[in-house]
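Enquirer: Input: one structure, supplied below.
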Amino acid sequence: MQHASWSYDAVIYEMNIRQLTEKGDIKSAMRHLQHLKNIGVDIIWLMPIYPIGEVDRKGTLGSYYSISDYCAINPEFGTMADFDTFVTEAHRLGLKVILDWVANHTARDAKWLKDKPMSWYERDENGAAKIPWDWSDTAKLNYANHEVWQGQIEAMKFWLTEHHIDGFRCDMAMLVPTEFWREVRHELKSVKNDIFLLAEAEGPEFFDNAFDACYGWAIHHTMVDVAQAKVRVCELRNRIYELLNNYPADSMHLSFTSNHDENSWSGSEQSRFGDALKAMTALSFVLPKSLPLIYTGQEYGYNHSFAFFDKDTMPQFDDNETTALYRKLCALKHEYSALNSADAGGKFIEIGNNAPDCLLTFVREDIQGRVVVVANLSPYRVFTDFHTGIYAGEYADILEGGTATLYEHTWGDMEPWSIRLLARKG
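Per the working numbering, the very first residue in the sequence shown carries number 737; after that it's consecutive.
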C-alpha cells in the first residue's frame, strides 16, 4: 500500500493542548511549533479539539474523547479561526497536522443524539443510548446503520476540505468494523490523495486498504517488561520477529515510551522504565517499521503523570539533555533512509552475541547507509563479545559524538541499560 511520501521518515508529536501551556489554548500551543520543528518533529497529532459533552462529564473539564460536535472547536481551546491559523503556521514550518478522531462513540449530549434518528445509536431496552465499556460520559454509535458511516466520513471531509489537515489518528479503531475504515480511506483519498491514517489498534487486518500505521503495543509492553526485569531481551527479540513475519512489508508501527494513555493511567515514563529509559527511547527510533512518537513533556524529560480530566499545566522548561537526545534521534531518523518506516526502510539484520538474554545487536541497512545498534538491555554490566564481520569499519557515534571503530571481532564491557548507535553512509 502506498503511503504519503512525507510519512516514511516522520517523527510524530502528540500535543496535549490543555496541559502544554498555562492558558491551555490553541494560540499558546502554536508558539511551540517552531521549537518542535527545531527538535525534528514532522507531524503534530492533536488530541481531540472538539467540544466536550457536559452530561456525566468526568472531572472539571471532561474527557477529550467525549465529543459533542465533530465539526466544531472546544471553546476551552479557542476558535475555529485560531485553529486555522495553527494549521497555516504548522504548514509554513513544513509540519503536518493530524486530528484525533473518535468514531466509536459521542458524548451523551452530542449534537447527533439530538439531530439524528434514534437508529444512529445502539439502544438499551429503555431506548437510551448504550454506554460502551465503563465510559459513562459517552454514547455508542450504531455501525449496523450505514448512515452512521457516511456521517462520520462527511465530518472527516469537513476537516480535510475546509481546514486543510493532513490526516487522522483514529481512536480505538478496533471497536468499529474494519470495512468502515476501508471505506473511510477510499473516500478521503478522493479528497486528499496523500492522507495519513493511524489506527489505535494492532493487527495485520488494519493494513488491508485501511490504515498507514497502527500502534506497536506488543513491542511497547515488552519493552516495559524488560525494563522492569519481568522478562529478558529474548522476549523483545521474539516480538520483533513476530512483527516482521506477521505484518505486511509496507506496514508502519507507532513506537513509543509514552502517550496520553500510558502517561495518565500507567504513570510517567520514568516510573515505568526507570534506568532503562534512555536506551528504550533510542530503541524506539531504530527498530524495524518504527514510527517514533514523542508525547507532550517528553521533549523535556518531564517526570509527571498528567491528570486526564482536569487542568494540570506542564511547567515551562528550557532545553536540556533529554531535548538534546531527541534532536540526535530525530536527525538520525531523517538522515538515514535505512530507518524509514515500512518497506522503504532498510533490512533488519541481527548480529549474534555472547549474551542474547541481555544484549540486542543488529543492523539497519540499505544501499545509502547503515545504522549499527548495540544495546545492553539489562541491569548488569555485561562483557559484550560479537563478530561484526562485514559491518566492521569507522562510524559516526550518534549519541556520544565523534567517531568509533567496529573491528571484525568486537568486545568490551557495556554498562547497564546502555546503547550505542553507530552510523555510516554508503
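Each residue gets a CB set at the ideal place from its N, CA and C atoms; glycine is no exception.
First and last residue of the beta strand (DSSP E) that includes residue 884?
Expert: Careful: residue 884 lies outside any beta strand (DSSP E), inside the alpha helix (DSSP H) at 882 to 897.
Enquirer: Rounding to the nearest angstrom, what Cα-Cα distance links residue 825 and residue 814 in this structure?
Expert: Whole-angstrom Cα-Cα distance: 16 Å.
Enquirer: For residue 978, count neighbouring Cβ atoms within 10 angstroms of its own Cβ and tell me buried if that reaches 16, exposed if not.
Expert: Its Cβ having fewer than 16 others within 10 Å, residue 978 is exposed.
Enquirer: To the nearest angstrom, report how far apart residue 1051 and residue 1129 are at their CA atoms.
Expert: Distance between the alpha carbons of residue 1051 and residue 1129 is about 44 Å.
Enquirer: Please report the straight-line C-alpha distance between residue 942 and residue 952, rounded to a whole angstrom.
Expert: Approximately 13 Å, taken between the alpha carbons.
Enquirer: Report the three-state DSSP secondary structure of residue 905 (helix, strand or coil).
Expert: Three-state result, residue 905: strand.
Enquirer: Where does residue 991 land, buried or exposed, given buried means 16+ other C-beta within 10 angstroms?
Expert: Buried, because 16 or more other Cβ atoms sit within 10 Å of the Cβ of residue 991.
Enquirer: My output table needs one value for residue 704: the three-state DSSP class, helix, strand or coil.
Expert: No answer is possible for residue 704: the residues shown for the chain start at 737 and end at 1162.
Enquirer: Which runs of the beta strand (DSSP E) spanning at least 3 residues fall entirely within the region 931 to 974, listed in chain order?
Expert: Counting only runs of 3 or more, we get 932 to 935, 949 to 951.
Enquirer: Would the beta-carbon of residue 782 fall within 7 Å of that of residue 841?
Expert: Not in contact: residue 782 and residue 841 (Cβ atoms no closer than 7 Å).
Enquirer: Distance check for residue 874 and residue 844, CA to CA, integer angstroms please.
Expert: One C-alpha to the other measures close to 5 Å.
Enquirer: What is the rounded straight-line gap between the Cα of residue 973 and the Cα of residue 1056?
Expert: Answer to the nearest angstrom: the Cα atoms are 32 Å apart.
Enquirer: Would you identify the three-state DSSP class for residue 1015, choosing helix, strand or coil?
Expert: Helix, per DSSP.
Enquirer: May I ask you to list the residues that DSSP assigns as paired with residue 781?
Expert: Answer is 750, 834, bridged to residue 781.
Enquirer: Measure the alpha-carbon distance for residue 717 versus residue 897 and round it to whole angstroms.
Expert: Nothing about residue 717 can be read from this structure; the chain reaches only from 737 to 1162.
Enquirer: Output the boundary residues of the alpha helix (DSSP H) element that contains residue 816.
Expert: Run containing residue 816: 816 to 828, per the alpha helix (DSSP H) assignment.
Enquirer: Shortest alpha-carbon distance to residue 778 belongs to which of 1159, 944, 1105, 1028?
Expert: Taking only the C-alpha atoms, the option nearest residue 778 is 1028.
Enquirer: So, helix, strand or coil for residue 1030, using DSSP?
Expert: Strand at residue 1030.
Enquirer: If we ignore side chains and look at the alpha-carbon of each, how far apart do residue 761 and residue 922 end up?
Expert: About 33 Å.
Enquirer: Between 1014, 1082, 984, 1090, which lies nearest to residue 721 when the distance is taken from Cα to Cα?
Expert: There is simply no residue 721 to check, as the chain begins at 737 and stops at 1162 in what is shown.
Enquirer: State the Cα-Cα distance for the pair residue 1016 and residue 742, rounded to the nearest angstrom.
Expert: For residue 1016 and residue 742, the distance between alpha carbons rounds to 25 Å.
Enquirer: Does the beta-carbon of residue 857 have 16 or more other beta-carbons within 10 angstroms, so that it is buried, or is it exposed?
Expert: It counts as buried.
Enquirer: What does residue 1142 pair with, by DSSP beta-bridge criteria?
Expert: In DSSP, residue 1142 forms a bridge with 1129.
Enquirer: Taking contact to mean 3 or more Cβ pairs, one atom from each stretch, closer than 8 Å, check whether the region 1002 to 1012 and the region 752 to 767 are in contact.
Expert: Because the criterion of three Cβ pairs below 8 Å is not met, the region 1002 to 1012 and the region 752 to 767 do not touch.
Enquirer: For the putative contact between residue 1157 and residue 1099, defined by C-beta atoms under 8 Å, what is the C-beta separation to the nearest angstrom?
Expert: Their Cβ separation, rounded to whole angstroms, is 11 Å, which puts residue 1157 and residue 1099 out of contact at 8 Å.
Enquirer: Throw me the rounded Cβ distance for the residue 796 and residue 1046 pair, which I believe falls under 8 Å.
Expert: About 5 Å separates the two Cβ atoms, so the contact holds.
Enquirer: Just to confirm the assignment, what range does the beta strand (DSSP E) spanning residue 1095 have?
Expert: Per DSSP, residue 1095 belongs to the beta strand (DSSP E) from 1095 to 1102.
Enquirer: Once DSSP output is grouped into helix, strand and coil, what is the label at residue 775?
Expert: The answer is helix: DSSP assigns residue 775 an H, G or I state.
Enquirer: Report the rounded CA-to-CA distance for residue 816 versus residue 807, giving the unit in angstroms.
Expert: Using only the alpha carbons, I get a separation of about 10 Å.
Enquirer: Answer with yes or no whether the minimum CB distance from residue 986 to chain D is below 7 Å.
Expert: Within the model displayed, chain D is absent; a lone protein chain is all it includes.
Enquirer: Less than 6 Å separating the Cβ of residue 916 from some heavy atom of the ligand COA?
Expert: Within the structure as shown, the ligand COA is missing, as the structure has no ligands at all.
Enquirer: So, at 6 Å on beta carbons, what are the nonlocal neighbours of residue 818 in its own chain, with the 5 sequence-adjacent residues on each side left out?
Expert: Cβ neighbours of residue 818 beyond the five flanking positions: 762, 763.
Enquirer: CA-CA distance, residue 790 and residue 849?
Expert: So the two alpha carbons sit approximately 13 Å from each other.
Enquirer: Can you give me the start and stop residues for the beta strand (DSSP E) that residue 1040 sits inside?
Expert: From DSSP, residue 1040 is part of no beta strand (DSSP E); its letter is neither H nor E.
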